[in-house]
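Below is the structure:
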């Protein structure tokens, strides 16, 4: 029992160290980009790309990073299962929505105009 708790504590400490290093890498890239703004933009971009790639790799080895990767894989699988509408179905749906929107806006405009005239007539009495 004591050995399991000790290994859990080590894993927890390792996770914290990883997240601190990720934050440090991101902060380094931001501050370094600001301080080295006189250098070539391509060189700065390459260095920032390497730093961010390293931070992403480290974050993918954490518990939360692994869950995010699993979520992304499952989302990709679900997107493949979706039956996407054809061009004609999309066009028909768009035309129906546009038509209903125009009709409803005209009805609301007419109702508003009628209510304004009724209220103004009532206030004149």
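In our numbering, the protein residues as written are 126 to 250. Here a beta-carbon is modelled for each residue, glycine too, at the ideal position from N, C-alpha and C.
- The beta-carbon separation of residue 200 and residue 177, rounded to 22 angstroms, does not stay under the 8 angstroms limit for a contact.
- Spanning the alpha carbons of residue 145 and residue 163 requires a straight line of approximately 29 angstroms.
- Residue 226 and residue 215 have their C-alpha atoms spaced approximately 16 angstroms apart.
- In the structure shown, residue 182 falls within a helical segment according to DSSP collapsed to helix, strand and coil.
- Exposed is the label assigned to residue 166, since fewer than 16 other Cβ atoms lie within 10 Å of its Cβ.
- In the structure shown, residue 144 falls within a helical segment according to DSSP collapsed to helix, strand and coil.
- Residue 232 has its alpha-carbon roughly 12 angstroms from the corresponding atom of residue 240.
- In the structure shown, the three-state DSSP call for residue 209 is coil.
- Distance from the CA atom of residue 181 to the CA atom of residue 148, rounded to whole angstroms, is 11 angstroms.
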